Amino acid sequence: MEKKEESLQELDAMVKKRKWKNRLGFAAAAALVLAISAGSIGSYIKTRQAVPASHSDREMEFVQNQNQNFNSASSMVMAAGTTSVGVKAVTFEIDFLEDTSLYVEEVYLANGDSVKAGDPYIKFTEESIADAREELEAAALSAQLEYRSGQISDGESRLQAKYTYDTAMLEAQFAKQVYDDTIAQLEADYAQSSKTYEEAQQEYNEYLGRVQNQTFYEDYEIASLKKAYEDARELYMERKEYWEVTDDELNSGASETMGTAGMMTLSGAAGDAAVSDAEPDTLESVPEENAGTEPPPQTDTGKGTQDFSDGMGTAPAGFGGMERQAQQSERKWIVKTMSLLEQEAEKAEEEYNTALEEYEAEIASAELTLQKLQNQLETAREDFTDAEVSYQKQSLSAKTVYETAVAKGKTAQEDYDTQLASLKDSLDRLEDAKEEADSNLALFEALVGDGYLRTEENGTVLMLMAEEGQALTGGSMVFAYSNPEQISVSVSVSQEDIAKLYVGQTASVTITDRGSYSGVIETINPISSSNSRTSVSYTVTVNLQGDVSGIDANLTANVLFGGDGDRTKAPVETILDGEENAHGQPADTDKKTHGTQD
334 MEKKEESLQE LDAMVKKRKW KNRLGFAAAA ALVLAISAGS IGSYIKTRQA VPASHSDREM
394 EFVQNQNQNF NSASSMVMAA GTTSVGVKAV TFEIDFLEDT SLYVEEVYLA NGDSVKAGDP
454 YIKFTEESIA DAREELEAAA LSAQLEYRSG QISDGESRLQ AKYTYDTAML EAQFAKQVYD
514 DTIAQLEADY AQSSKTYEEA QQEYNEYLGR VQNQTFYEDY EIASLKKAYE DARELYMERK
574 EYWEVTDDEL NSGASETMGT AGMMTLSGAA GDAAVSDAEP DTLESVPEEN AGTEPPPQTD
634 TGKGTQDFSD GMGTAPAGFG GMERQAQQSE RKWIVKTMSL LEQEAEKAEE EYNTALEEYE
694 AEIASAELTL QKLQNQLETA REDFTDAEVS YQKQSLSAKT VYETAVAKGK TAQEDYDTQL
754 ASLKDSLDRL EDAKEEADSN LALFEALVGD GYLRTEENGT VLMLMAEEGQ ALTGGSMVFA
814 YSNPEQISVS VSVSQEDIAK LYVGQTASVT ITDRGSYSGV IETINPISSS NSRTSVSYTV
874 TVNLQGDVSG IDANLTANVL FGGDGDRTKA PVETILDGEE NAHGQPADTD KKTHGTQD
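Just so we're aligned, residue 334 is where the sequence shown starts under our numbering, counting upward by one.
Okay, structure coming up:
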């Protein structure tokens, strides 16, 4: 018996945890039970002791008069009503099955049966019990796995939160330095873009000025190159005519002196080695200062030679051969010199013609070049404008990043704590879901694990709703039975007094021939219980406290709200004592005091 009582107590504790889920259904079921059980309660009326009509009428009249007097003097409210035996509606507590249902195989009760706590009254099919158990076990396992996964995710998220916190603190610490570096880089980029734009503008303006002022002729030195060419040509022609050098001599000597002439200049500074190897006597007879001008006097042909021969008289033997050799060497020197002069003239002509061609090409392409420089200038201007806008935007962005980093640094700890709290809340929800799944499985095993549904209290069955083959759903009413240990009094309170009352307020209840009891307001019906528009009243239900085993249904009771035990006892007992004396009964006959009455 003790183990059975402990098991029932544990079951009752689990059931009470779920009462809040079914309160709306319970209220509706209770209303239905009260309506249906009206006929069953009639049996209690026959056992009630009759109260003389004159006694009841005079008692109610006294209560109304006293209530008016109390209302005028204090906040106390007095009302009269009748007692009711408690009726308990039993609802099916297993409301957490989603994919399966429990089917009734057999019902052991009928209306009017007396039951004791722990009696089986419904048997479920074994198949539905097995299916339900499988669903709940799977749900418990799934919730457990989700909780374990949540623990792992929680650990990772905590590490990420710590990393975010550390990052925010570091960014806040170095935010000023990063901001300064960013601004410095932006200023450098802006300055470079500005410089490029200025250079492009300067280059365009300079070229435009050259085009407008026609300075290309001077830029390419056309005049000086032309004069150099003309001077070189004139010198060449003058020496050619002076030395009477023929084209045949130049052509014949060109091949002989090609290598040497390519290395010589008019000053004789270049090609000396080559010439000395070829004609050493000739080079010795031509001083450097006379190169390209006059041949040496001693080797001059014509008149100079004639004077020499005249002064010397008859030449010694072999002197004529030497003279011819000297003349030949001198002529070779002249031809070589003319070749150099010709080369210098050709070079000057080439430089002049090249510059002239470039000048003419520049003039021809000036418009195209000017357009190209203008395009470059426009591109540089756009780049500069973009750089200027970018500098403004990125400066503001850098400032925003800086301020944001500083702000995050200030709130990093709070954000970190908030995130940890959120992670804890998420993990707690998973843990609650796991515990709820375990609790559902445990409640299932405790309530119907053996395939039977048992009563929780003693009582008499008033109405049975379960039927064989029916699938019971959570929150639905299974049956209702009377509870003689619960007695309540329903009274009507006027609209003027109802505002003075509240649920949970204590009251003093006096029942004729039964004594006084303490009570507590259980409900206040917000809907008026009267049909009159001028006199509005509301029903208040008071549950009696203490030992109520000797109280039946439909007994007249007087209820006093808002007073303590001593104050409420005097007026009620006075009228009761007076009425009893009026009927020839002693005032203290069969008087009982219950509850908290002193």
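All residues carry an ideal CB built from backbone N, CA and C; glycine is no exception.
Being a predicted model, the structure only gives us computed values, none of them experimental.
Is it buried or exposed for G808, if we count other Cβ within 10 angstroms and need 16 for buried?
Walking along the sequence shown from the start, residue 808 turns up at place 475. The residue is buried, with at least 16 neighbouring Cβ atoms inside 10 Å.
Quick test of your reading: V842 and A886, contact by CB under 8 angstroms. State the CB separation rounded to the nearest angstrom.
To locate residue 842, count along the sequence shown from 1; it is residue 509. To locate residue 886, count along the sequence shown from 1; it is residue 553. That belief does not hold up - the Cβ atoms of V842 and A886 are roughly 15 angstroms apart, past 8 angstroms.
Just to confirm, is the Cβ distance from A738 to A494 under 8 angstroms?
The residue labelled residue 738 in the question sits at position 405 within the sequence shown. The residue labelled residue 494 in the question sits at position 161 within the sequence shown. No.
In chain order, which alpha helix (DSSP H) runs of at least 4 residues are fully inside the stretch 805-864?
Listed in chain order, they are 828-831.
Note the first and the last residue of the continuous beta strand (DSSP E) segment covering K455.
On the sequence shown, position 122 is the one that residue 455 refers to. The amino acid occupying residue 455 in the given sequence is Ile; Lys does not appear at that position. Element bounds for I455: P453 to F457.
Check this for me: beta carbons of T874 and S821, under 8 angstroms apart or not?
As a first step, residue 874 must be located in the sequence shown, where it is residue number 541. As a first step, residue 821 must be located in the sequence shown, where it is residue number 488. Yes, these two residues count as a Cβ contact at 8 angstroms.
Buried or exposed for Y835, going by 16 or more other Cβ atoms inside 10 Å?
Your numbering for residue 835 matches position 502 in the sequence shown. When all chains shown are included, Y835 counts as exposed.
Quick one: grab the DSSP three-state call for Y785.
The residue given as residue 785 occupies position 452 in the sequence shown. Three-state DSSP puts Y785 in a strand.
Kindly say whether K726, judged by its beta-carbon, lies nearer than 8 angstroms to any beta-carbon of chain D.
Reference to chain D is not applicable here, since this structure consists of a single protein chain.
Checking the sheet assignment: what are the DSSP bridge partners for N876?
Your numbering for residue 876 matches position 543 in the sequence shown. N876 pairs with S821 and V853.
Could you tell me how far apart the beta carbons of V794 and A443 are, in whole angstroms, since I believe they sit closer than 8 angstroms?
To locate residue 794, count along the sequence shown from 1; it is residue 461. To locate residue 443, count along the sequence shown from 1; it is residue 110. So it is a contact: roughly 7 angstroms between Cβ atoms.
Length of the line joining the Cα atoms of G940 and M798
The structure shown does not extend to residue 940, since the chain is modelled only from 334 to 931, so the question has no answer here.
Boundaries of the beta strand (DSSP E) in which M796 is found, first to last residue:
Residue mapping note: residue 796 aligns to position 463 of the sequence shown, counting from 1. Per DSSP, M796 belongs to the beta strand (DSSP E) from G792 to L797.
Flag this pair as touching only if the stretch 511-530 and the stretch 713-723 have three or more C-beta atom pairs under 8 angstroms; answer yes or no.
yes
Can you pull the DSSP bridge partners for E439?
Numbered from 1 along the sequence shown, position 106 holds the residue referred to as residue 439. Paired residue(s): K456.
Taking C-beta to C-beta, are Y692 and Y562 nearer than 8 angstroms?
Locating residue 692 in the sequence shown gives position 359, where the first residue counts as 1. Locating residue 562 in the sequence shown gives position 229, where the first residue counts as 1. Between Y692 and Y562, the gap from beta carbon to beta carbon reaches 8 angstroms or more.
Can you give the Cα-Cα distance for Y540 and E700, rounded to whole angstroms?
Numbered from its first residue, the sequence shown carries residue 540 at position 207. Numbered from its first residue, the sequence shown carries residue 700 at position 367. Cα to Cα, the separation comes out at about 10 angstroms.
When the distance is taken between beta carbons, is K449 closer than 8 angstroms to Y814?
The residue given as residue 814 occupies position 481 in the sequence shown. The residue given as residue 449 occupies position 116 in the sequence shown. No, they are not a contact pair.
Out of curiosity, what's the CA-to-CA distance linking V853 and I860?
Here residue 853 corresponds to residue number 520 of the sequence shown, with the count starting at 1. Here residue 860 corresponds to residue number 527 of the sequence shown, with the count starting at 1. The straight-line gap from Cα to Cα measures roughly 20 angstroms.
So for F894, helix, strand or coil by DSSP?
Locating residue 894 in the sequence shown gives position 561, where the first residue counts as 1. If DSSP states are grouped into helix, strand and coil, F894 belongs with the strands.
For P817, the nearest candidate out of M409, V418 and M411 (CA to CA)
Looking up residue 817 in the sequence shown gives position 484. The shortest C-alpha separation from P817 is found at V418.
Alpha carbons only, please: which of E439, L478 and E520 is nearest the one belonging to S723?
Working through the sequence shown from its first residue, we reach residue 723 at position 390. Comparing Cα positions, the closest option is E520.
How many Å lie between F507 and S475 at the Cα?
Residue numbering aside, residue 507 sits at position 174 when the sequence shown is read from its first letter. Residue numbering aside, residue 475 sits at position 142 when the sequence shown is read from its first letter. One alpha carbon belongs to F507, the other to S475, and they sit about 47 angstroms apart.
Are there three or more Cβ pairs, one per stretch, closer than 8 angstroms when the stretch 667-683 is compared with the stretch 478-491?
no
Alpha carbon to alpha carbon, what distance is there between E426 and S447?
On the sequence shown, position 114 is the one that residue 447 refers to. On the sequence shown, position 93 is the one that residue 426 refers to. Each residue's alpha carbon lies about 22 angstroms from the other.
According to DSSP, is A697 helix, strand or coil?
Residue mapping note: residue 697 aligns to position 364 of the sequence shown, counting from 1. Here A697 carries a helix assignment [DSSP, helix/strand/coil].
Boundaries of the alpha helix (DSSP H) in which A412 is found, first to last residue
Sequence index remark: in the sequence shown, residue 412 carries index 79 (1-based). Note, A412: premise wrong, no alpha helix (DSSP H); beta strand (DSSP E) at V410 to T424.
Looking at the unbroken alpha helix (DSSP H) that takes in D514, where does it start and where does it end?
Along the sequence shown, one-based indexing puts residue 514 at 181. First-last of the alpha helix (DSSP H) with D514: A508 to N546.
As a quick exercise: from G483, S672 and A804, pick the residue whose alpha carbon is nearest that of L568.
The sequence position of residue 568 within the sequence shown is 235, counting from 1. Taking only the C-alpha atoms, the option nearest L568 is S672.
Taking Cβ to Cβ, would you say L1019 is nearer than 8 angstroms to T839?
Look at the range of the chain in this structure, 334 to 931, and you will see that residue 1019 is not part of it.
Assuming G879 and S851 form a contact by the criterion Cβ under 8 angstroms, report the distance between their Cβ atoms to the nearest whole angstrom.
As a first step, residue 879 is located in the sequence shown; it is residue number 546 there, counting from the start. As a first step, residue 851 is located in the sequence shown; it is residue number 518 there, counting from the start. 7 angstroms between Cβ atoms; contact.
Starting from F549, trace the alpha helix (DSSP H) in both directions and tell me its first and last residue.
Translated into the one-based positions of the sequence shown, residue 549 becomes position 216. Run containing F549: F549 to D552, per the alpha helix (DSSP H) assignment.
Specify, as a first and last residue, the run of the alpha helix (DSSP H) that D564 falls within.
Taking the first residue of the sequence shown as position 1, residue 564 is located at position 231. That run of the alpha helix (DSSP H) goes I555 to W576.
DSSP state of S868, grouped into three classes?
The residue given as residue 868 occupies position 535 in the sequence shown. Of the three classes helix, strand and coil, the one that applies to S868 here is coil, per DSSP.
Count the other CB atoms, across all protein chains shown, that sit within 10 Å of the CB of T670; report buried if there are 16 or more and exposed otherwise.
Start at 1 with the first residue of the sequence shown, and residue 670 comes out as number 337. Buried, because 16 or more other Cβ atoms sit within 10 Å of the Cβ of T670.
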